[in-house]
Structure formats: C-alpha cells, structure tokens
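J.: In the UniProt record's numbering, the protein residues as written are 1 to 30.
Ideal Cβ placement from N, Cα and C applies to all residues, glycine included.
Predicted model, so just to flag it, every value in this text is computed and none were measured.
Would you mind keeping the following structure in view while I ask a few things?
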C-alpha cells in the first residue's frame with residue numbers, strides 16, 4: 001500500500017515540477 005502511494009505521489013510531484021518549469025519557460029520566452 002505505502003509503496004504504491006509513494007509511487008503515485010512521486011509521479012504527481014514530477015508532473016507538477018514539469019508543469020511549473022513549462023510555465024516559467026513560456027513566461028521567459030514571452
């Protein structure tokens with residue numbers, strides 16, 4: 001149970017980080 005939860009959380013964190021980086025990149029380009 002814990003292992004599955006940790007894996008899901010890690011995936012969510014990576015996705016959020018990628019989204020934040022993308023938003024920052026778009027802001028810099030503009």
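#1: Taking just the CA atoms, how far does residue 3 sit from residue 12?
#2: Over the uninterrupted alpha helix (DSSP H) stretch that includes residue 15, give me the two end residues.
#3: How many angstroms separate the CA atom of residue 15 from the CA atom of residue 30?
T.: According to the data block:
#1: Taking the Cα positions, residue 12 is about 14 Å away from residue 3.
#2: Annotation: the continuous alpha helix (DSSP H) that includes residue 15 extends over 2–29.
#3: The straight-line gap from Cα to Cα measures roughly 23 Å.
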